[in-house]
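Note that numbering that gives the first Met the number 0 numbers the sequence shown so that position 243 is 242, with each residue one more than the last. All C-beta atoms, glycine included, are put in the ideal place defined by N, C-alpha and C. As the structure is a computational prediction, the values presented were derived from the model and not from experiment.
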Amino acid sequence: MKNLWSIRMRASKKVKSQKSKVKTQNSKYTEIHISGAEGLYETSEIQKVVRKYVERALNHSRGQADRIIITIEDIKQKPQTITALPVVTIENATPKEGGKMARQLLQGSNISKAAIDKAFGLIKKTGMRGAAIITAEKGVRLEPHRGRGIRVSRLGITKSALKHLSSRLLRYGINTETVQEALILASKVLSFKHVIAELCMSDDPDYTTGYVATKKFGYVRIPHIKNKASRSGGRAFFVKEGIDVEDLATYLEKRPVIVGKISCCRGIIPFDEILSHPHMQSRSEEGIRK
């Protein structure tokens with residue numbers, strides 16, 4: 000494998016704080032997240048990727064960023080290669096129905112009601128910067144810095160795996176960067192042995208599809224999980240009790256991981272079928288973080 004670089008983009012914008020009603024020079028502003036993207040790339044791809052990331056930051060549905068930070072880091076450590084989660088989509092019509100389905104998937108993965116309620120409560124608020132870490136049984140938050148959360152980083156996909164993934168997603172009309180990037184991220188998160196599931200809703204007001212990712216059911220896309228124009232969104236990772244949080248944070252934020260193999264993509268499947276015939280993870284032990 001050629002030398003790889005981690006390219007990361009974070010874009011934000013300062014907006015008038017709701018608490019400050021009078022516009023003066025001393026008015027307080029708050030910084031809101033506009034866009035983010037990252038991946039592992041070869042040296043020859045750096046300029047092209049940077050241009051693409053800047054273009055995304057300047058033309059986003061959340062508004063135009065006034066601060067764009069690009070970080071380009073030489074990856075010294077050999078990336079761990081993993082297999083992507085299998086992809087399936089369920090059909091639902093309303094956020095209420097989508098939320099109910101998400102809860103059933105999480106409960107089917109042995110996540111307690113207390114933990115699920117905690118996750119939905121956090122995600123429905125605006126302003127979550129990173130992911131929350133929640134214990135699956137007691138529903139306790141574990142991330143060291145709650146304002147910052149955990150940011151999954153240093154992740155990517157090989158060119159051959161991306162080609163196969165694009166081909167499979169294209170069959171079902173979902174071959175977008177949004178789906179690709181979310182699947183890569185979820186696959187890294189679930190590759191850690193003590194992570195049981197992830198719940199995610201995008202904070203993009205124009206994107207209303209969320210997902211539940213678990214070792215039991217795979218990556219399950221849930222359309223219409225929130226109302227259009229809603230800016231709420233975020234991520235929650237459900238973990239086993241007694242987990243070493245520092246070990247998890249190091250893996251998710253620092254350990255280079257690359258998707259090298261693609262699982263099945265099955266399109267829209269009846270929800271009852273997903274629940275009654277779950278995908279039992281078949282990845283080899285090499286793909287699971289000990």
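#### Entry: Whole-angstrom distance between residue 33 and residue 141, CA atom to CA atom
Whole-angstrom Cα-Cα distance: 26 Å.
### Neighbourhood of residue 150 by C-beta, 7 Å cutoff - its chain only, sequence neighbours within 5 removed
The residues are 129 and 252.
### Message
Whether or not the segment 96–103 and the segment 256–266 are in contact is what I'm after, with contact meaning three or more pairs of Cβ atoms, one per stretch, closer than 8 Å; do they touch?
### Response
Judged by Cβ distances under 8 Å, the segment 256–266 makes no contact with the segment 96–103, as fewer than three pairs qualify.
### Task
Could you please give the first and the last residue of the uninterrupted alpha helix (DSSP H) stretch that includes residue 90?
Looking at the DSSP string, residue 90 is not in any alpha helix (DSSP H), and its letter there is neither H nor E.
### Query
Does the beta-carbon of residue 186 have 16 or more other beta-carbons within 10 angstroms, so that it is buried, or is it exposed?
Taking every protein chain shown into account, the CB of residue 186 has 16 or more other CB atoms within 10 angstroms, so this residue is buried.
#### Entry: N-terminal and C-terminal residue of the alpha helix (DSSP H) that residue 51 is part of
First-last of the alpha helix (DSSP H) with residue 51: 45–57.
#### Entry: Within 8 Å, strictly: CB atoms of residue 201 and residue 232
A contact, by the Cβ cut-off of 8 Å.
### Where residue 275 sits in the DSSP three-state scheme
Assignment of residue 275 by DSSP, reduced to helix, strand and coil, places it in the helix class.
### Query
Can you tell which of 89, 2 and 35 has its C-alpha closest to the C-alpha of residue 224?
Cα-wise, what sits closest to residue 224 is 89.
### Task
Give the secondary structure of residue 268 by DSSP, where H, G and I count as helix, E and B as strand, and everything else as coil.
In this structure, residue 268 counts as coil in the three-state DSSP scheme.
### Message
Ignoring anything shorter than 3 residues, give me the beta strand (DSSP E) runs that lie fully in the segment 178–260, in order along the chain.
### Response
Fully enclosed beta strand (DSSP E) runs of 3 or longer: 194–200, 209–213, 217–221, 233–238 and 256–260.
### Message
Suppose only complete runs of 3+ residues qualify. What are the beta strand (DSSP E) ranges in the segment 131–175, listed by chain order?
### Response
List check, beta strand (DSSP E) in window: 131–134 and 154–156.
#### Entry: Enclosing alpha helix (DSSP H) for residue 123 [first to last residue]
No residue range can be given for residue 123, since it is assigned to no alpha helix (DSSP H) and is classified by DSSP as neither H nor E.
### Task
Please check the pair residue 277 and residue 191, which I expect to be a contact at CB under 8 Å, by giving their CB distance rounded to whole angstroms.
Incorrect: roughly 20 Å between the Cβ atoms, too far for contact.
### Task
Hey, could you find the ends of the beta strand (DSSP E) residue 35 is sitting in?
From DSSP, the beta strand (DSSP E) with residue 35 extends over 28–41.
### Task
Following the continuous beta strand (DSSP E) through residue 79, name the residue where it begins and the one where it ends.
Residue 79: member of the beta strand (DSSP E) spanning 79–82, first to last residue.
### Query
Going by alpha carbons, who is nearest to residue 249 out of 7, 93, 2 and 143?
Residue 249 has its Cα closest to that of 143, out of 7, 93, 2 and 143.
#### Entry: First through last residue of the beta strand (DSSP E) which encompasses residue 9
Run containing residue 9: 3–15, per the beta strand (DSSP E) assignment.
### Query
From 35, 41, 80 and 63, pick the residue whose C-alpha is nearest to that of residue 261; which is it?
Here the closest residue by C-alpha is 80.
### Message
Tell me the rounded alpha-carbon separation between residue 55 and residue 212.
### Response
Taking the straight line joining both Cα atoms gives about 26 Å.
### Query
What number of angstroms, rounded off, separates the C-alpha of residue 67 from the C-alpha of residue 31?
Cα-Cα distance, rounded: 12 Å.
### Query
When you compare only the Cα positions, how much space is there between residue 282 and residue 16?
Only weak support exists for where residue 282 lies, its pLDDT of 41 falling under 50; the coordinates are left without a value.
### Message
Buried or exposed, going by whether 16 or more other CB atoms sit within 10 Å of the CB of residue 154?
### Response
By the neighbour-count rule (16 or more Cβ atoms within 10 Å), residue 154 is buried.
### CA nearest to the CA of residue 76, picked from 4, 157, 194 and 114
In terms of CA proximity to residue 76, 4 leads the group 4, 157, 194 and 114.
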